[in-house]
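In the numbering used here, the protein residues as written are 814 to 906.
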(Lines of atoms letter the chains of each structure in order from A and count residues from 1; the text may use other names and numbers.)
(Lines give C-alpha, C1' and ligand atoms only; values in the text may rest on other atoms or scores of the structure.)
Protein backbone atom coordinates (compact mmCIF):
# COMPACT_ATOMS: atom_id res chain seq x y z
CA UNK A 1 0.00 0.00 0.00
CA UNK A 2 1.11 3.55 -0.70
CA UNK A 3 -0.04 7.07 0.14
CA UNK A 4 -0.65 9.79 -2.45
CA UNK A 5 -0.21 13.35 -1.21
CA UNK A 6 -1.67 16.27 -3.20
CA UNK A 7 -1.12 19.98 -2.51
CA UNK A 8 -3.24 23.07 -3.26
CA UNK A 9 -0.90 24.11 -6.09
CA UNK A 10 -1.37 20.81 -7.95
CA UNK A 11 1.79 18.99 -6.90
CA UNK A 12 1.70 15.42 -5.73
CA UNK A 13 3.73 12.32 -5.01
CA UNK A 14 3.43 8.71 -3.88
CA UNK A 15 5.12 7.35 -0.78
CA UNK A 16 5.39 3.76 0.42
CA UNK A 17 3.45 3.31 3.66
CA UNK A 18 6.54 1.71 5.25
CA UNK A 19 8.25 5.15 5.28
CA UNK A 20 5.88 6.23 8.06
CA UNK A 21 6.76 4.82 11.46
CA UNK A 22 4.27 4.37 14.29
CA UNK A 23 5.03 6.77 17.13
CA UNK A 24 4.07 6.52 20.76
CA UNK A 25 2.74 9.26 22.98
CA UNK A 26 4.95 12.31 22.79
CA UNK A 27 5.95 11.64 19.18
CA UNK A 28 6.91 14.72 17.18
CA UNK A 29 5.28 13.77 13.89
CA UNK A 30 6.85 13.26 10.50
CA UNK A 31 7.37 15.56 7.52
CA UNK A 32 6.08 14.07 4.30
CA UNK A 33 6.32 16.88 1.71
CA UNK A 34 8.27 20.10 1.35
CA UNK A 35 5.94 23.13 1.26
CA UNK A 36 6.28 26.89 0.91
CA UNK A 37 4.18 29.65 2.50
CA UNK A 38 1.39 29.71 -0.14
CA UNK A 39 0.92 25.94 -0.43
CA UNK A 40 -0.63 23.29 1.82
CA UNK A 41 -1.66 19.62 1.72
CA UNK A 42 -5.20 19.14 0.39
CA UNK A 43 -5.35 15.36 0.54
CA UNK A 44 -3.36 12.35 1.66
CA UNK A 45 -5.08 9.19 0.44
CA UNK A 46 -4.09 5.51 0.70
CA UNK A 47 -3.88 3.72 -2.66
CA UNK A 48 -3.00 0.40 -4.21
CA UNK A 49 -1.08 0.25 -7.48
CA UNK A 50 -4.24 -0.34 -9.56
CA UNK A 51 -6.17 2.60 -8.02
CA UNK A 52 -6.99 5.86 -9.77
CA UNK A 53 -7.02 9.31 -8.24
CA UNK A 54 -9.60 11.99 -9.03
CA UNK A 55 -7.98 15.38 -8.42
CA UNK A 56 -10.63 18.11 -8.28
CA UNK A 57 -9.41 21.61 -9.04
CA UNK A 58 -10.63 24.96 -10.20
CA UNK A 59 -11.00 25.36 -13.18
CA UNK A 60 -9.66 21.90 -14.16
CA UNK A 61 -9.97 18.39 -12.75
CA UNK A 62 -8.13 15.22 -13.73
CA UNK A 63 -8.43 11.48 -13.17
CA UNK A 64 -5.13 9.61 -13.33
CA UNK A 65 -3.88 6.15 -12.39
CA UNK A 66 -1.99 6.21 -9.09
CA UNK A 67 0.88 4.39 -10.79
CA UNK A 68 1.54 7.49 -12.94
CA UNK A 69 2.30 9.63 -9.89
CA UNK A 70 6.03 9.41 -9.17
CA UNK A 71 7.29 7.73 -6.01
CA UNK A 72 9.51 10.20 -4.14
CA UNK A 73 11.18 10.58 -0.76
CA UNK A 74 9.53 12.35 2.18
CA UNK A 75 11.65 15.51 1.79
CA UNK A 76 10.80 16.24 -1.86
CA UNK A 77 8.18 18.78 -2.92
CA UNK A 78 6.41 16.51 -5.44
CA UNK A 79 5.77 16.89 -9.16
CA UNK A 80 3.05 18.81 -10.94
CA UNK A 81 0.10 16.51 -11.58
CA UNK A 82 -2.45 19.15 -12.61
CA UNK A 83 -1.58 22.43 -14.32
CA UNK A 84 -3.07 25.89 -13.82
CA UNK A 85 -5.56 24.81 -11.16
CA UNK A 86 -6.07 25.27 -7.45
CA UNK A 87 -6.81 21.80 -6.05
CA UNK A 88 -9.76 21.52 -3.68
CA UNK A 89 -9.79 17.76 -3.08
CA UNK A 90 -8.52 14.37 -4.21
CA UNK A 91 -10.22 11.00 -3.84
CA UNK A 92 -9.48 7.40 -4.73
CA UNK A 93 -11.80 5.83 -7.30
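Idealized CB from N, CA, C, for every residue including glycine.
Just so you know, these numbers come straight off a predicted model, no measurement behind them.
Nearest-angstrom Cβ-Cβ length linking residue i and residue j, presumed shorter than 8 Å
i: residue 855; j: residue 902; result: 6 Å
i: residue 816; j: residue 858; result: 7 Å
i: residue 888; j: residue 847; result: 6 Å
i: residue 870; j: residue 892; result: That belief does not hold up - the Cβ atoms of residue 870 and residue 892 are roughly 15 Å apart, past 8 Å.
Simplified DSSP assignment, three categories, for residue i
i: residue 828; result: strand
i: residue 874; result: strand
i: residue 843; result: coil
i: residue 880; result: helix
i: residue 888; result: coil
i: residue 893; result: strand
i: residue 848; result: coil
i: residue 899; result: strand
i: residue 835; result: coil
i: residue 866; result: strand
i: residue 906; result: coil
For residue i, the nearest candidate out of the options (CA to CA)
i: residue 904; options: 865, 845, 839 and 872; result: 865
i: residue 832; options: 845, 850, 867 and 868; result: 845
i: residue 872; options: 860, 862, 861 and 896; result: 896
Beta bridge counterpart(s) of residue i as assigned by DSSP
i: residue 815; result: 829 and 860
Would you check if there are 3 or more beta carbon pairs closer than 8 Å linking the region 879 to 886 to the region 825 to 839? Verdict: yes, contact present.
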